[in-house]
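Quick notes on the structure that follows.
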Amino acid sequence: MLRVGPYTGNSLHAQVLALLHEFGHLVDLLPADGGDEEAKSMQNTAEVLRFCRAEIESKAGRNALLAMH
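So, in structure tokens, the structure goes:
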């Protein structure tokens, strides 16, 4: 089963986390983690979660509720 941080891969939470992780590379907030040497990708994901987890969970949950109406 695919996981992105603590989330299942097919969830909105995982998608938002993956986008923020990649955006962090684009704006030079996260170091390169290509090839995942020394588990850099996991460290970078943990860093994104440290700063953005509450927002990821509140926004993703809110969007899911709006889609139901």
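Add 47 to a position in the sequence shown, counting from 1, and you land on the number used in the working numbering. For glycine and all other residues, C-beta sits at the position ideal for the given N, C-alpha and C.
Taking the CA atoms as reference points, L77 sits about 13 Å from R97.
The three-state secondary structure of V63, taken from DSSP, is helix. Nearest C-alpha to E102 among A61, A86, V74: A61. In the three-state DSSP reduction, V74 falls in the coil class, being neither helix nor strand.
With contacts defined as CB atoms closer than 9 Å, L64 and G82 fail to qualify as a contacting pair.
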